[in-house]
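Below: one structure, written as structure tokens.
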Amino acid sequence: MSEMTETTLLSVHDLSIDFFRSGAKLHALRHVDLEVRPGRIVGIVGESGCGKSTLASSLIGLLAGNAEIVSGSIEFEGQDLARLSTRQMRAVRGRRISMVFQDPMTALNPVVTIGRQMIDIQYREKRSSAEKRRIAAEMLRTVGIPDAESRLSAYPHQFSGGMRQRICIGMALLMEPALLIADEPTTALDATLEVQVIKLLKELQQQFGCAIVFVSHHLGTVAELCDEVVVMYAGEVVERGAVRDIFRKPSHPYTQALLECDPARIKTPTRELPTIPGTLPDLAHPPKGCIFRERCPKAFARCEVEAPADYAAEGAEHRARCHLLDGKARGTA
Amino acid sequence: MSLAPTTSSSPKSGRPSSWRSGWRRLAADRLGFFGFVLVALFIVAAILAPWIAPYSPTQIMVGPRLAPPSWEHWLGTDQIGRDLLSRVLLGGRVALTVAFATIAAALTIGFALGLAAGFGPAWLDNILVLLFDAVRSFPTIVFGLAVVTLLGPGLSTVVLVVSVTSIPIYARIVRTQTQALRHADYVDAERAMGAGIFRILFVHILPNVVGPLVVLASMDVPLVIATEAGLSFLGLGVRPPMASWGTILNDGYTFIRNSPWPVIAGSIPIVLVTLGFTFFGEALRDIFDPRLRRDV
Numbered sequence: 001m002s003e004m005t006e007t008t009l010l011s012v013h014d015l016s017i018d019f020f021r022s023g024a025k026l027h028a029l030r031h032v033d034l035e036v037r038p039g040r041i042v043g044i045v046g047e048s049g050c051g052k053s054t055l056a057s058s059l060i061g062l063l064a065g066n067a068e069i070v071s072g073s074i075e076f077e078g079q080d081l082a083r084l085s086t087r088q089m090r091a092v093r094g095r096r097i098s099m100v101f102q103d104p105m106t107a108l109n110p111v112v113t114i115g116r117q118m119i120d121i122q123y124r125e126k127r128s129s130a131e132k133r134r135i136a137a138e139m140l141r142t143v144g145i146p147d148a149e150s151r152l153s154a155y156p157h158q159f160s161g162g163m164r165q166r167i168c169i170g171m172a173l174l175m176e177p178a179l180l181i182a183d184e185p186t187t188a189l190d191a192t193l194e195v196q197v198i199k200l201l202k203e204l205q206q207q208f209g210c211a212i213v214f215v216s217h218h219l220g221t222v223a224e225l226c227d228e229v230v231v232m233y234a235g236e237v238v239e240r241g242a243v244r245d246i247f248r249k250p251s252h253p254y255t256q257a258l259l260e261c262d263p264a265r266i267k268t269p270t271r272e273l274p275t276i277p278g279t280l281p282d283l284a285h286p287p288k289g290c291i292f293r294e295r296c297p298k299a300f301a302r303c304e305v306e307a308p309a310d311y312a313a314e315g316a317e318h319r320a321r322c323h324l325l326d327g328k329a330r331g332t333a
Numbered sequence: 334m335s336l337a338p339t340t341s342s343s344p345k346s347g348r349p350s351s352w353r354s355g356w357r358r359l360a361a362d363r364l365g366f367f368g369f370v371l372v373a374l375f376i377v378a379a380i381l382a383p384w385i386a387p388y389s390p391t392q393i394m395v396g397p398r399l400a401p402p403s404w405e406h407w408l409g410t411d412q413i414g415r416d417l418l419s420r421v422l423l424g425g426r427v428a429l430t431v432a433f434a435t436i437a438a439a440l441t442i443g444f445a446l447g448l449a450a451g452f453g454p455a456w457l458d459n460i461l462v463l464l465f466d467a468v469r470s471f472p473t474i475v476f477g478l479a480v481v482t483l484l485g486p487g488l489s490t491v492v493l494v495v496s497v498t499s500i501p502i503y504a505r506i507v508r509t510q511t512q513a514l515r516h517a518d519y520v521d522a523e524r525a526m527g528a529g530i531f532r533i534l535f536v537h538i539l540p541n542v543v544g545p546l547v548v549l550a551s552m553d554v555p556l557v558i559a560t561e562a563g564l565s566f567l568g569l570g571v572r573p574p575m576a577s578w579g580t581i582l583n584d585g586y587t588f589i590r591n592s593p594w595p596v597i598a599g600s601i602p603i604v605l606v607t608l609g610f611t612f613f614g615e616a617l618r619d620i621f622d623p624r625l626r627r628d629v
């Protein structure tokens with residue numbers, strides 16, 4: 001399954017990552033597969049602690065010091081990013097892959113002007129500083145900062161949160177990367193700004209033609225923005241497919257439960273919001289069989305003994321790890 | 334809100350000179366400006382001391398002994414009839430030299446060690462912090478005694494003692510700041526942009542550290558001057574007959590029952606310079622923090 005087709009930009013195959021914490025090994029990611037085609041927007045959803053951000057960080061080589069890639073590959077433009085040296089990885093970062101972080105309030109250096117930060121990240125380009133300044137101002141205009149030229153000499157605290165996130169997005173796109181990783185870029189913003197930033201991302205994606213890996217726990221924004229969705233649970237990809245298939249025909253009980261919990265989908269008034277009973281399993285000792293079994297309303301005997309394979313589900317390229325799909329599926333992977 | 338033009342909150346001019354705006358804010362801060370004037374006076378007086386001193390600071394019996402202030406001797410004379418104003422001026426020169434030499438040395442070395450401790454591997458950090466703590470645990474004067482015993486008294490010994498004991502102060506500030514910033518989101522963001530360690534250090538860490546460092550240095554000046562005076566007072570610093578505020582105090586305190594003027598003459602400049610640098614340092618602290626700027 002790891003064959004790099006012409007149309008694949010990023011192909012993560014069988015990626016497993018462990019964290020070492022006080023002697024214990026935490027299996028944060030287990031056998032994760034992810035495909036991103038050029039110019040597509042892929043959403044990664046799941047509850048907190050399911051490994052979304054770990055996956056995003058691994059793509060750009062910014063894993064924490066106590067993390068280790070145990071197995072698997074991250075193929076991007078003909079290189080395996082999991083095996084690059086720091087120096088080689090640095091050549092990829094910023095230019096081919098860049099990242100937008102969760103909190104725009106802390107992602108900009110408070111004591112350096114926006115202009116200097118935007119000019120500085122062009123250090124690898126052979127441009128005059130006037131040219132770099134012009135490009136920086138151009139990008140500020142592109143992301144919708146009014147009065148861009150004079151705003152270059154402003155400090156981050158002189159901008160609102162939404163504007164800062166626009167600036168962060170602009171900085172990430174300054175080198176026109178092939179892949180942009182957005183790690184919950186709207187979580188720290190209020191709902192109105194969230195819509196604006198999502199719109200902006202969509203516009204910019206069309207303008208720059210880059211692929212986006214969009215990490216979020218907000219299902220609404222994912223439905224709005226993404227072409228494809230990857231659903232993660234406890235460090236595993238449980239379901240993936242086109243956004244329409246995932247939202248209309250969720251095949252994995254976890255995805256179904258997740259969608260039922262989305263307050264935006266609740267039709268009848270209720271005093272209690274639905275939740276998924278139970279908590280995440282202990283990732284130091286993941287249970288045998290299906291990872292979701294303990295919280296799954298549809299679990300049966302097979303789920304306790306055998307980890308489900310990546311079964312095909314209804315729809316093109318729609319796959320889910322659930323035994324319920326075995327049999328009615330058109331064959332296993 | 335962010336889509337609407339918000340030009341009202343942008344700086345008036347295209348690119349405000351940070352020097353000019355800093356100067357404006359200093360002028361607005363009365364205490365800070367007072368401090369600045371004291372500091373400026375001290376520096377000018379120290380530089381021009383040989384030319385503006387009315388008498389030779391070391392010549393004895395230019396007037397009567399232990400004379401109170403008069404038109405001939407503004408600050409009076411000491412026990413062997415030397416003009417105290419001239420001695421205070423020349424002593425200021427010693428104080429300024431010691432202050433600048435030690436702070437330049439301590440700042441440079443402390444900055445480098447602090448960066449190494451803050452950004453380097455954990456073992457290096459542990460060793461350096463142990464070193465800083467070891468140096469700080471010696472009382473400066475006792476450490477000075479030991480060094481003087483080895484190298485003999487003199488101005489360069491004072492500079493050495495004071496800089497070695499000040500290095501940890503600077504290094505610790507730099508280390509703490511660096512460590513706090515090391516995992517800041519914008520440092521990660523910069524890494525995600527492909528930046529290497531030196532780019533991160535100089536573009537992102539340095540500007541965050543310079544402000545506190547300059548403030549610390551300006552507040553450290555009076556401390557250094559007091560230490561120099563203290564060492565000279567104990568006879569470990571400047572050798573007689575050369576003038577230093579410490580030696581003026583030392584000479585004067587034996588005769589304090591007969592005449593308080595030498596002690597007053599020796600302590601007033603110490604008090605003024607301490608106040609001056611402290612006020613100035615506090616004003617600088619406000620100026621260096623862009624978040625405190627009012628002209629946004």
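In order, the protein sequences belong to chains L and D.
Our numbering applies: residue 1 is where the first sequence begins, and numbers increase by one.
Our numbering applies: residue 334 is where the second sequence begins, and numbers increase by one.
Every residue gets a Cβ at the ideal spot worked out from N, C-alpha and C, and that includes glycine.
- Per DSSP, Ala182/L is one residue of the beta strand (DSSP E) stretching across 179 to 183.
- Residue state for Thr611/D is assigned as helix, using DSSP reduced to three classes.
- Less than 9 Å divides the Cβ of Ala439/D from the Cβ of Ser499/D.
- Listed as beta-bridge partners of Glu236/L by DSSP are Tyr233/L.
- Shown here for Ser48/L: same chain residues with a beta carbon closer than 8 Å to its own, the five before and five after excluded, namely His217 in chain order.
- Val604/D has a beta carbon lying at 9 Å or more from every beta carbon in chain L.
- Under DSSP, the beta-bridge partners assigned to Phe19/L are Leu26/L, Ala67/L.
- Closest by C-alpha distance to Val377/D, out of Gly409/D, Trp578/D, Gly425/D, is Gly425/D.
- For Gly43/L, no alpha helix (DSSP H) run applies; the uninterrupted beta strand (DSSP E) run containing it begins and ends at 41 to 45, by DSSP.
- Shown here for Thr275/L: same chain residues with a beta carbon closer than 7 Å to its own, the five before and five after excluded, namely Cys261 in chain order.
- Within the region 531 to 565 of chain D, those residues whose Cβ lies closer than 8 Å to any Cβ of chain L are, in chain order, Arg532, Val536, His537, Pro540, Asn541, Gly544.
- Across the region 506 to 529 of chain D, CB contacts with chain L closer than 7 Å involve Ala517, Asp518, Tyr519, Asp521, Ala522, Arg524, Ala525, Met526, Gly527, Gly529, in sequence order along the chain.
- Ala428/D has its alpha-carbon roughly 19 Å from the corresponding atom of Gly485/D.
- The alpha-carbon of Pro286/L is positioned some 31 Å away from that of Ser85/L.
- With its beta carbon at least 9 Å from every one in chain D, Phe20/L lies outside the interface.
- At a Cβ-Cβ threshold of 9 Å, His406/D and Leu417/D count as neighbours.
- About 5 Å separates the Cβ atoms of Val70/L and Asp18/L, confirming a contact at the 8 Å cut-off.
- Counting C-beta pairs closer than 8 Å gives fewer than three between the region 155 to 174 of chain L and the region 20 to 32 of chain L, which falls short of the contact rule.
- Contacts with chain L at 9 Å (Cβ-Cβ) include Asp622/D.
- Taking Pro573/D as the centre and dropping the five residues before and after it, the same chain places the C-beta of Thr580 closer than 7 Å to its C-beta, in chain order.
- Ile533/D is the residue among Ala504/D, Ile533/D, Gly527/D whose C-alpha sits nearest the C-alpha of Leu514/D.
- In the DSSP annotation of this structure, the continuous segment of the beta strand (DSSP E) that includes Ala211/L starts and ends at 211 to 215.
- Residues of chain D whose Cβ lies closer than 8 Å to the Cβ of Ala91/L are, in chain order, Gly527.
- Within chain D, no residue has its CB atom less than 9 Å from the CB of Ser53/L, the nearest being about 12 Å off.
- Residue-level contact by beta carbon holds for Leu108/L and chain D, with a gap shorter than 9 Å.
- For Met105/L, there is no enclosing alpha helix (DSSP H), as DSSP gives it neither H nor E.
- The Cβ-Cβ distance between Ser592/D and Leu364/D does not fall below 9 Å.
- Judged by DSSP in its simplified three-state form, Leu483/D adopts helix.
- Within the region 294 to 311 of chain L, not one residue has a Cβ closer than 9 Å to any Cβ of chain D.
- In terms of Cβ geometry, Gly451/D and Gln392/D do not form a close pair [threshold 9 Å].
- Nearest CB-CB separation between Phe214/L and chain D: not below the 9 Å threshold.
- Annotation: the continuous beta strand (DSSP E) that includes Ser98/L extends over 97 to 100.
- In the structure shown, Thr8/L falls within a coil segment according to DSSP collapsed to helix, strand and coil.
- In this structure, Ala449/D sits away from Leu463/D, with a CB-CB distance that is not shorter than 9 Å.
- Within 9 Å of the CB of Leu62/L, the CB atoms of chain D belong to Asp521, Arg524, Ala525, in sequence order along the chain.
- From the listed residues Gln79/L, Ser11/L, Ser153/L, the smallest Cα separation to Ala56/L is found for Ser11/L.
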